[in-house]
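Per this note's numbering, the very first residue in the sequence shown carries number 5; after that it's consecutive.
The structure appears right after this line, and notes come after that.
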Amino acid sequence: MPRAARMRSKTGIYHIILRGINKQTIFEDEEDKERFIQTLGEYKEKSEYKIYAYCMMGNHIHILMKEEKEDLGIIIKRIGASYVYWYNWKYDRTGHLFQDRYKSEVVEDNKYLLTALRYIHQNPLKAGIVKGIQEYKWSSYTEYIGKEKIIDIDFILDIFNNDRKRAISQFEEFHKEEGIIGCLDIDEKRRIKDVEAIEIIKNTCNIIHCIDIQKVNKVDRDKYLKIIKEQGLSTRQIARLTGISRGIVLKL
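If you want it as structure tokens, here you go:
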């Protein structure tokens, strides 16, 4: 059966999710995330799109963008191909990294634009990775309240207020509110079964048995545990399968 055609946004703005194939991790370390941001910036110049938000998680990324010069499909293909080429070179691998068909939803009014923006920025908070949005390094939230890198902040902040200082303050207050309207998601809030969780732990940590993570040095262990949490395993499940204290997992 042929795939249904994607809806076209009248504004050209879309909320997009790029996800690792078979839920695979697409960011192994900070260098990978830096590279993806760099890729977004490079093709922003070439394809002339605008970016209003992004958030990089362990095995997926949310992007809020506006197409202008090129069609969204071409843009995503360019970004994905460039990053995958670099990723495969770095990790000496071949093949696909992202799912063939990215997810997207149209954004056609300012109310939903801000709703999607907040939803994207609140992802790490809802995943239990951080206690405050501002603590997460790999989302565009910090670009709005700090140094701009690749985000087109003017359009969003002007919606809040024409006065920049007041706009940033209202932007921060808006993000403290819990979003009511559901946005495009990767539908991973289901409980992951132990058999699947065990494979995720072993593949992520490159170990034979889940409890072998106890033998890994603390820095690498904590890095792996964060990646595992980002893939949807609960704190209790990780502690139970690895033998690592629930308190340690909870703090990460």
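Built from N, CA and C at the ideal position, the CB exists for glycine as well.
Computed from a predicted model, the values in this text were never measured in an experiment.
Sequence-distant residues of its chain with Cβ nearer than 7 Å to residue i (five each side left out)
i: G247; result: I215 and Q218
i: N165; result: A171 and Q174
i: W90; result: R39
i: T239; result: R250, V253 and L254
i: D158; result: none
i: A243; result: S249, R250 and V253
i: K193; result: Per-residue confidence for K193 stands at a pLDDT of 48, beneath the threshold of 50, marking its modelled position as unreliable; no derived number is given.
Same chain, Cβ closer than 6 Å to residue i, neighbours up to 5 away in sequence not counted
i: I65; result: L22
i: I80; result: Y106
i: L161; result: A171
i: I133; result: none
i: Y58; result: I67 and S144
i: K230; result: L256
i: Y140; result: P128 and V134
i: I163; result: N114
i: Q241; result: A201
i: E49; result: none
CB contact flag (residue i, residue j, <8 Å)
i: F102; j: G84; result: yes
i: K37; j: M69; result: no
i: D198; j: Y56; result: no
i: Y148; j: Q138; result: no
i: D226; j: L256; result: yes
i: R39; j: Y87; result: yes
i: V111; j: A120; result: yes
i: E71; j: G16; result: yes
Residue i versus the options, residue with shortest Cα-Cα distance
i: E52; options: I154, V88 and A131; result: I154
i: Y228; options: N207, R240, E109 and I212; result: N207
i: Y18; options: Y87, S108, D104 and E74; result: S108
i: K14; options: G99, D75, G132 and N210; result: D75
i: Y47; options: E152, L245, G62 and R82; result: R82
i: I196; options: L245, Q42 and K222; result: L245
i: V136; options: E176, D104 and D224; result: Looking at the sequence itself, residue 136 is Gly, so the reference to Val does not match. Here the closest residue by C-alpha is E176.
i: V100; options: Q28, Q241 and A243; result: In the sequence on display, residue 100 carries His and not Val. Minimum Cα distance to H100 is reached at Q28.
i: I124; options: I20, Q241 and R10; result: I20
i: G62; options: W142, G45, V223 and Q42; result: W142
i: I41; options: E152, E181, D104 and D96; result: E152
Residues near residue i in its chain [Cβ-Cβ closer than 8 Å; skip 5 each side]
i: N26; result: none
i: K73; result: S51, E52 and Y53
i: V220; result: C209, I211 and Y228
i: T98; result: N92
i: Y95; result: E32
i: L44; result: I55, Y58, I67, I83 and I154
i: H213; result: K206
Chain C within 8 Å of residue i, Cβ atoms only
i: Q174; result: No chain C appears in this structure, which consists of one protein chain only.
Open item on the list: Taking 8 Å as the cut-off, does the stretch 162–177 touch the stretch 198–208 (at least 3 CB pairs, one atom from each stretch)?
Closed with: They do not touch, by the three-pair rule.
Open item on the list: For the structure I just gave you, are there three or more beta carbon pairs, one from the stretch 225–245 and one from the stretch 119–139, closer than 8 Å?
Closed with: Yes, the stretch 225–245 is in contact with the stretch 119–139.
Open item on the list: Measuring CB atoms only, is the stretch 22–34 touching the stretch 114–122, in the sense that at least three cross pairs come out at less than 8 Å?
Closed with: Three or more Cβ pairs closer than 8 Å define a contact, and the stretch 22–34 falls short of that threshold against the stretch 114–122.
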